[in-house]
Each structure stands twice: as C-alpha cells, then as structure tokens.
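Novice:
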Amino acid sequence: LLARAPPKPPAKKPAGKVPPRRKHQAPKSENFYRIRTLRQNMFSPAPPPLRMARLRYLRHWTIHRAWQLFRRQQHLAIEQERHRMYSGMYNACEELRKTVGPGNRDEGYLYRVAMEKKG
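Taking the UniProt record's numbering, the leading residue of the sequence shown gets 1, the next gets one more, and so forth.
(1) Check whether the Cβ atoms of L110 and L96 sit closer than 7 Å, and answer yes or no.
(2) What residue from R82, F43 and Y57 has the CA that sits closest to P49's CA?
(3) Have a look at S29 and L38 and give me their C-alpha separation to the nearest angstrom.
(4) Work out the CA separation of M85 and I78 for me, nearest whole Å.
(5) If I follow the unbroken alpha helix (DSSP H) through A11, where does it start and stop?
Here it is as structure tokens:
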C-alpha cells in the first residue's frame with residue numbers, strides 16, 4: 001500500500017531579500033503540463049471516508065449487494081457457456097481420435113491432422 005503524502009509547502013524566504021528576476025524563463029518541456037497535472041493528482045490528499053446516515057448506508061449496502069449478485073449471475077452464465085463450448089470441442093476431438101481415417105488410414109489420423117499447427 002502506497003502512502004500518499006501531500007507536497008511540502010515551500011520554505012519561507014527571509015523578508016528583506018528578493019531574488020533577482022530573470023528576463024527569460026527556461027523554455028518549458030512539451031510534457032510540462034502533463035507532469036504538473038500528474039504531480040497534483042499523485043500527491044493530493046486522500047478524500048475523507050464516506051460518512052452516511054443509517055438509512056442511506058442501508059440503501060447503499062442493498063444496492064451494492066444486488067449489484068454483486070447480478071455480477072455473480074453473469075459470471076456463472078459466462079462460465080457455463082464456456083464449459084458447454086469446451087465440452088463440445090472435447091467431444092468432437094474424441095470422435096476424430098476414435099474414427100478410422102479415410103481410405104486405409106489408421107485410427108486417429110483425422111485427429112492428428114486436425115491438431116497440426118502450421119503457420
């Protein structure tokens with residue numbers, strides 16, 4: 001877990017001394033704004049945890065559990081479909097393996113040809 005630390009405030013300068021200003025600033029790199037945005041977002045303080053009233057928390061929890069249930073049902077449906085497809089391919093390969101090939105070919109010829117990896 002990475003701890004987020006806010007950027008340190010700039011050190012205070014003595015009141016009487018002002019550094020001389022440069023006439024021309026160094027040219028900014030092409031990624032200057034991107035880097036600046038990343039720095040601001042990386043080191044920004046973490047937001048406070050959610051504080052909800054009892055009824056609002058109950059509503060939130062109910063919706064969250066319903067969403068989890070929906071996702072689990074979706075996941076199971078996809079898994080069953082993949083299992084069905086895998087079983088079909090497995091059964092087809094077994095049939096090819098048991099079949100005597102065309103002509104005088106031995107058993108499993110079609111399976112071996114189907115499993116060749118070319119390309």
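In this text, a Cβ means the ideal position worked out from N, Cα and C, and glycines have one as well.
Specialist: Let's see:
(1) yes
(2) Y57
(3) 15 Å
(4) 11 Å
(5) That residue, A11, is in no alpha helix (DSSP H); it is neither H nor E in DSSP.
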